[in-house]
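Using our numbering, the letters of the sequence shown map in sequence onto residues 486 to 557. Working notes, structure below.
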Amino acid sequence: MAFEKRYSSLYIIFASVIVILIQSFFIPMIEIKIWRPNLIILAIIYFGYRFGVIYGTIAGFLLGITQDTLSG
């Protein structure tokens, strides 16, 4: 448990960068008419389930700000 707590922030940051990159570059290629999957929401649900409510809330806030910044 201590190992997981120590590296959970680093894991969340690394996974968030990967999810943002996939969402930005690959998801528009698999868009079906007007439906586009949102991997960021799935990542937030995963972080909240795996690491707890506080980590999920912080990750959701930061990923939302990042997604709004990158979308223009």
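In this text, a Cβ means the ideal position worked out from N, Cα and C, and glycines have one as well. On a predicted model such as this, the values are computed, not experimentally measured, just so you know.
Residue i to residue j, Cα distance in whole Å?
i	j	result
Arg540	Ser501	Note on identity: in this sequence residue 540 is Tyr, with Arg being the wrong assignment. So the alpha carbons of these two residues sit roughly 12 Å apart.
Ile503	Asp553	16 Å
Ile519	Tyr496	32 Å
Between residue i and residue j, how many whole angstroms is the CB-CB distance? I'm expecting something under 8 Å.
i	j	result
Ser493	Phe546	No, Ser493 and Phe546 are not in contact; Cβ-Cβ is about 16 Å, not under 8 Å.
Ser509	Leu555	6 Å
Ile550	Leu524	Not really, about 16 Å apart at Cβ, beyond 8 Å.
Spatial neighbours of residue i within its chain, please: CB distance less than 7 Å, with the 5 preceding and 5 following residues excluded, ordered by chain position.
i	result
Ile517	none
Ala544	Ile497, Ser501, Ile529 and Phe532
Quick one: what does DSSP say residue i is sitting in, helix, strand or coil?
i	result
Ile515	helix
Suppose the cutoff is 8 Å on Cβ atoms and the five residues either side in sequence are ignored; what does the same chain contact list for residue i look like?
i	result
Tyr534	Gly541
Ile505	Ile525, Leu548, Thr551, Gln552 and Leu555
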